[in-house]
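Protein chains in written order, with the numbering used here: chain R, 17 to 133; chain V, 25 to 134. No residue lacks a Cβ here, since even glycine has one placed at the ideal position from N, Cα and C.
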Amino acid sequence: SAVISQKPSRDICQRGTSLTIQCQVDSQVTMMFWYRQQPGQSLTLIATANQGSEATYESGFVIDKFPISRPNLTFSTLTVSNMSPEDSSIYLCSVDATGGESVAEAFFGQGTRLTVV
Amino acid sequence: RKEVEQDPGPFNVPEGATVAFNCTYSNSASQSFFWYRQDCRKEPKLLMSVYSSGNEDGRFTAQLNRASQYISLLIRDSKLSDSATYLCVKRGSTLGRLYFGRGTQLTVWP
């Protein structure tokens, strides 16, 4: 299994500012994933972060808006830049690890509830 | 078409009821499927994997129909603690890539 510590758990930010979200994993993992979950919607993958290389962004998400760092195999950050109210959402980091069923299972951080005013 | 389509509900059932959730997926090459549970204001957690032969875990039964590209979750003898959102998830061909349905909200009332 994997335990992920994500912070902050919530924040209220002014439009035009930036917020950096951190995720710390209790074990080394090759890939970390960043998701966004808007109210009543499914989780949408923002990007995949590999250590030592640039993150891979999904369609509709760009590095200038969501820069990601991955300095080592246990840590990653996602920055939401130049925020607008449309960025209000829950942001989650995730890793794959072997779970109780001995298959790859996705483990998530506790989420960051962001409100932009 | 979305990779995973799921009826959002909500489902409101009394304790002891049996409830079923359905989910359809696109891309027949998809190999692995899961049901995740997400409690209010919490992160998703794996409920169970879905195997081609169907599988059961206590009161929960998951089934996969590859021909129809259809997944289901059956909950028998519902408990108050089953109240949550249930997410249908498939693993894509790209390493680690998961696709989530929008979730089905279940409320079990006493």
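9 Å Cβ cut-off: residues of chain V touching residue i
{"i": "residue 49 (chain R)", "result": "120, 121 and 122"}
{"i": "residue 33 (chain R)", "result": "In chain order: nothing, as chain V lies at least about 24 Å away."}
{"i": "residue 93 (chain R)", "result": "Under the 9 Å cutoff, chain V gives no residues; its nearest Cβ is about 18 Å from residue 93 (chain R)."}
Simplified DSSP assignment, three categories, for residue i
{"i": "residue 102 (chain R)", "result": "helix"}
{"i": "residue 77 (chain R)", "result": "coil"}
{"i": "residue 31 (chain R)", "result": "coil"}
{"i": "residue 32 (chain V)", "result": "coil"}
{"i": "residue 89 (chain R)", "result": "coil"}
{"i": "residue 118 (chain V)", "result": "coil"}
{"i": "residue 25 (chain R)", "result": "coil"}
{"i": "residue 97 (chain R)", "result": "coil"}
{"i": "residue 110 (chain R)", "result": "strand"}
{"i": "residue 19 (chain R)", "result": "coil"}
{"i": "residue 25 (chain V)", "result": "coil"}
{"i": "residue 113 (chain V)", "result": "strand"}
{"i": "residue 132 (chain R)", "result": "strand"}
Where the beta strand (DSSP E) through residue i begins and ends
{"i": "residue 123 (chain R)", "result": "120-124"}
{"i": "residue 132 (chain V)", "result": "128-133"}
Cβ-Cβ separation, residue j to residue i (assumed contact under 8 Å), whole Å
{"i": "residue 86 (chain V)", "j": "residue 96 (chain V)", "result": "7 Å"}
{"i": "residue 48 (chain V)", "j": "residue 110 (chain V)", "result": "Wrong, their Cβ atoms sit about 15 Å apart, outside the cutoff."}
{"i": "residue 58 (chain R)", "j": "residue 120 (chain V)", "result": "Not really, about 17 Å apart at Cβ, beyond 8 Å."}
{"i": "residue 25 (chain V)", "j": "residue 52 (chain V)", "result": "Between residue 52 (chain V) and residue 25 (chain V) the Cβ distance is about 13 Å, and since that is not below 8 Å, they are no contact."}
{"i": "residue 104 (chain R)", "j": "residue 123 (chain R)", "result": "Residue 104 (chain R) to residue 123 (chain R), Cβ: 25 Å. No contact."}
{"i": "residue 67 (chain R)", "j": "residue 89 (chain R)", "result": "5 Å"}
{"i": "residue 128 (chain R)", "j": "residue 20 (chain R)", "result": "Between residue 20 (chain R) and residue 128 (chain R) the Cβ distance is about 12 Å, and since that is not below 8 Å, they are no contact."}
Chain-ordered chain V contacts of residue i [CB-CB under 7 Å]
{"i": "residue 30 (chain R)", "result": "Ordered by position in chain V, no residue passes the 7 Å Cβ test against residue 30 (chain R), which lies about 23 Å from the chain."}
{"i": "residue 112 (chain R)", "result": "120"}
Under 7 Å by beta carbon: chain R residues contacting residue i
{"i": "residue 67 (chain V)", "result": "108, 124, 125, 126 and 127"}
Chain-ordered chain V contacts of residue i [CB-CB under 8 Å]
{"i": "residue 57 (chain R)", "result": "126"}
{"i": "residue 64 (chain R)", "result": "120 and 121"}
TODO: Identify every run of the beta strand (DSSP E) within the region 37-110 of chain V, keeping only runs that are complete inside it and at least 3 residues long; order them along the chain.
DONE: 43-49, 56-62, 69-74, 79-81, 84-89 and 94-99
- [ ] Could you pull out every unbroken alpha helix (DSSP H) segment of at least 4 residues lying fully inside the region 36-87 of chain R, listed in chain order?
- [x] none
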